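Trainee: I have a structure here, written as C-alpha cells, and I will follow up with some questions on it.
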Amino acid sequence: MDEQQGEPSALEREGRLGQGAPTAPHLHITHPLQRARVVLGVSGGIAAYKAADLASKLVQSEAVVDVVLTAGGQEFVRPLTFQALTKRPVHTDAFAPWTETSFGHITLAREADLLVIAPASANTIARLALGLADDLLGAIALSTEAPLLVAPAMEHGMYHHPATQEHLATLVRRGVIVVGPERGRLASGYEGDGRLASVEMILGRARALLGRDGPLAGKHVVVTAGGTREPLDPVRFLGNRSSGTMGYALAQAAIDHGAAVTLITTASLSPPVTATVVPVETAEQMRTAVEEAVKEGDALIMAAAVADFRPDRTQHQKIKKRPDQDVLDLRLTQNPDIIATIDHPGLVKVGFAAETHDLVDNARAKLAAKGLAMIVANDAVDTIGSAESVATIIQRDRLPDELPRMSKQRLAAEIVARLIPLLEREHDDGA
Ligand SMILES: Cc1cc2nc3c(=O)[nH]c(=O)nc-3n(C[C@H](O)[C@H](O)[C@H](O)COP(=O)(O)O)c2cc1C
C-alpha cells in the first residue's frame, strides 16, 4: 500500500493481512482488527453499558465500528454514547430511509468483516436461533456472510432455561462463536452464571476469529516467553530481566494469522485468549514442555531468555548468612540448550540472539550451529525488559534484514510475516 494513502488497497482488503510476503518496512496492517469493519449489536440487558467499553476498545484497535442498538438496547444505553465513541452514525431502525450509497441492513451486512453481539439478551439469542428478521440486528444477522460472535449476558435462570440452552446450541451448530457467559455476581445481586464475558475476552476472540483463515490456518506454533527462574533455595532464584513481552506478542501475531499457539511461559502477563498456556519456571521445565508441545508443532519460536546456567543444587532450606561470611560461592551447572537439542523433521525453528557485541556475526554462528531457519538478533541491554526493540532478522542465504526501532508487537508481526513463507516451503517440500 502507498504510504500516502489512507485507505487499504484491494489486496489488503481481500487478504486483510497479506499473503505472508516479507513486509518490512511497509507493514501497515499489523493485526486483524485494524481497519476491520465490525458491526457491534447491543441488545437489551443491564450489561449494555459494558458494550460502550467494548466499542471504545475496538475503536482503539483501529476497527471501523458500526453500532446497531435493538429496541431493548436503547432502553439501557443511548445511541449518542456509541456515536461519540465510534465517530460514526448509530443504527436503530430497520426502516430508516435508504440513500444512494447506503441500503440499511443490506449495506451493513455486506460491508461487515465481523458481527459481534454483546451483550446478547436471551430474547435476541432466541431471535437469532429462529432466524427472525423483525428488527435491524436480526435482518443483518440473516443477511451477512461475516462470522458471528455472540456474548450472552442474563440472569442465571434465564441462561440455564432449556429454551436458551437449545437456542445457543443451535447457534454453535451453525458455526456461531459463543463467548461466555462467566460465573460471578449478577446485576440482581445473586451469584450465578450469566455475566458478560470480559471485554478483553470478547476482543481476543474477535481478533482470532478475524484471523482464523489466515496463512497460518492449520499450523501449530509453539512460542516460549519470559526469563527462566533457577531456584537457589525455597525463596530465591537466579533470573534475568526478560519480561515476556516479545513472546506474548509473537503468540498473538501467530494467532492473528490463523495459527494454533502453545505459549510456554515463565511470565504472568495477560496471554492471547485463544493460546494454550503452559506455565513453567526453570529451563528444565521449559525443555520438557517444549519437547511435548513440538510433537504436534510446525514451528518453534524461542523468545524466552533461558538461563545458560543454574545452581548445581537447590538448597531445601533458606540459605542463611553467617556473621563472619563476606562471600558466598555458588556453583553453577550448564542448562540444556533447548532450541539446539530439540528437533523433529519439518520443525521450523526461530531463535533469538540477545548479544552485547558482534551482533550479526554471533547470530549467524548460532543460526548455523542450532539448525535454525531464522534468528532475530538484538542488543541485549537495549532490548531485554524494554517495550521496544531494534532487531536484525537473519535467515539462511539472505542478507541481514535490519529493522528500525519498533514496538515488540510490530516486530512480532514482522517476524511472523517472514515465518509464513518458511512454513509454506516446509509444507511444499514435505508434500
Ligand atoms: C432492568 C432490566 C434488566 C434486564 N436485563 C436483562 C439481561 O441482562 N439479559 C437479558 O437477556 N434480558 C434482560 N432483560 C430483559 C430484556 O430487556 C427484554 O427481554 C428485551 O425484550 C430484550 O430485547 P432485545 O433482545 O431486542 O434487546 C432486562 C429487562 C429489564 C427491565
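According to the working numbering, the sequence shown is numbered sequentially starting from 230.
Note that CB positions come from ideal geometry on N, CA and C, so glycine has one too.
Given the structure is predicted, the values throughout are model-derived calculations rather than measurements.
1. How about the stretch 453-460 and the stretch 524-540: do they share at least three Cβ pairs that are nearer than 8 Å?
2. Please report the distance separating the alpha-carbon of A300 from that of T310.
3. Can L596 and I568 be called in contact, C-beta distance under 8 Å?
4. Residue ranges of each alpha helix (DSSP H) run of no fewer than 4 residues wholly in the stretch 380-414, ordered along the chain?
5. State yes or no: is the C-beta of I275 nearer than 7 Å to some heavy atom of ligand 1?
6. Confirm the yes/no value for this check: CB of A358, any heavy atom of ligand 1, distance under 7 Å.
7. Among the candidates A362, L361, Y388, E340, whose CA atom is the shortest distance from the CA of S350?
8. S285 to L314, Cα distance in whole Å?
9. For I369, collect the residues of the same chain with a Cβ closer than 7 Å to its Cβ; drop the 5 residues on either side in sequence, then sort them by chain order.
10. Regarding A362 and ligand 1, is the C-beta to nearest heavy atom distance less than 7 Å?
11. Are there 16 or more other CB atoms within 10 angstroms of the CB of T328, so buried, or fewer, so exposed?
12. So what does V506 bridge to, in DSSP terms?
13. CB-CB under 8 Å to M515, same chain, minus the five flanking residues each way: which ones, in chain order?
14. From D630 to V619, what does the alpha carbon distance come to, in whole angstroms?
15. With a 10 Å radius around its C-beta and 16 neighbouring C-beta atoms as the bar for buried, classify D342 as buried or exposed.
16. When you compare the stretch 550-562 with the stretch 470-482, are there three or more beta-carbon pairs, one atom per stretch, that lie closer than 8 Å?
17. Under a Cβ-count criterion, where at least 16 other Cβ atoms within 10 Å of its own Cβ denotes burial, should T373 be classed as buried or exposed?
18. Tell me whether K595 sits in a helix, a strand or coil according to DSSP, three-state version.
19. How far does the beta strand (DSSP E) with L559 in it extend, from its first residue to its last?
20. Distance, Cα to Cα, L557 vs N564?
21. Starting from Q514, trace the alpha helix (DSSP H) in both directions and tell me its first and last residue.
Mentor: Once the coordinates are examined:
1. Touching, per the Cβ criterion.
2. Those two C-alpha atoms are separated by around 15 Å.
3. No; because the gap between Cβ atoms is not below 8 Å, this pair is not in contact.
4. Listed in chain order, the complete alpha helix (DSSP H) runs (minimum 4 residues) inside the stretch 380-414 are 385-389, 391-402.
5. Checking every heavy atom of ligand 1 against the Cβ of I275, one is found closer than 7 Å.
6. The answer is no for A358.
7. Answer by Cα proximity: Y388.
8. Those two C-alpha atoms are separated by around 6 Å.
9. Contacts found: V268, V297, H334, L337, A338, L344.
10. Judged by the Cβ position, A362 fails to qualify as a neighbour of ligand 1 at the 7 Å threshold, every heavy atom of the ligand being at least this far.
11. Result: exposed.
12. Per DSSP, L492.
13. Contacts found: T453, T457, I493, T495, V509, A533, V535, I567.
14. Straight-line Cα distance between these residues: approximately 11 Å.
15. D342 counts as buried, since no fewer than 16 other beta carbons sit within 10 angstroms of its beta carbon.
16. No: fewer than three Cβ pairs fall under 8 Å.
17. By the 10 Å Cβ count, T373 comes out buried.
18. Collapsing the DSSP output to three states places K595 in a helix.
19. L559 -> no beta strand (DSSP E), and no H or E assigned at all.
20. Near 21 Å, if we compare the C-alpha coordinates of N564 and L557.
21. Taken as a continuous stretch (DSSP letters only), the alpha helix (DSSP H) holding Q514 covers 512-523.
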